[in-house]
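Chemist: Pasting in a structure now, in structure tokens, and then I'll have a few things to ask.
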Amino acid sequence: MNRSEAREVMMQLLFQVDVQQEYNVEIKEKFLKDIEGINSHRPYIDGLFKQLLEHREEIDQKIGEVSANWKMSRMNKVDLAILRLSIGELLYMDKIPTSVSINEAVLLAKKFGTADSAKFINGILGHIARDLSGAE
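In full-length UniProt numbering, the protein residues as written are 1 to 136.
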């Protein structure tokens, strides 16, 4: 399993967490237990999942600020999972370049989202990335 595949697993986990409204480590462990090859990516998944649980409100607030014309309750849950994943990487995983995180998110959107998902996600993440680079 490579990092792109680990991101795909992470996106699916975030989708499941959101659908089930269960925000805890137990659901993560249950979800990951039968995924082959995941152990080599546990530091990435465990670290990012922890950050996403701790900072979910902050991440959602950033999404809400940038997507003023879209209420989060109306957003496609797959798009939301991809956005949370990538924003988590942008905010809390310094070793992942911004361009890599955004590109991977767009690829996930093309694979799992709607016809408009990639453009939507790229726009939101681009805006957030500009805000973050301006804040440094």
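For every residue, glycine included, the Cβ atom is placed at its ideal position computed from N, Cα and C.
1) Grab the span of the alpha helix (DSSP H) containing THR98 for me, first residue to last.
2) Take every Cβ of the stretch 122-129, pair it with every Cβ of the stretch 95-108, and state whether three or more of those distances are shorter than 8 Å.
3) What is the rounded straight-line gap between the Cα of LEU13 and the Cα of GLY134?
4) Indicate the three-state DSSP secondary structure (helix, strand or coil) for ALA115 in the structure shown.
5) Alpha carbons only, please: which of GLY113, VAL25, ALA68 is nearest the one belonging to ASN76?
6) How is the alpha helix (DSSP H) around GLY47 delimited, first residue to last?
7) Quick check on VAL78: buried or exposed, where buried means 16 or more other Cβ atoms within 10 Å of its Cβ?
8) Which residue wins for smallest C-alpha separation from ASN24, given the options HIS41, ASN69, GLY37, LEU48?
Modeler: On the basis of the coordinates in this document:
1) 98-112
2) yes
3) Distance between the alpha carbons of LEU13 and GLY134: 31 Å.
4) coil
5) Ranking GLY113, VAL25, ALA68 by Cα distance to ASN76 puts GLY113 first.
6) GLY47: member of the alpha helix (DSSP H) spanning 42-54, first to last residue.
7) buried
8) LEU48
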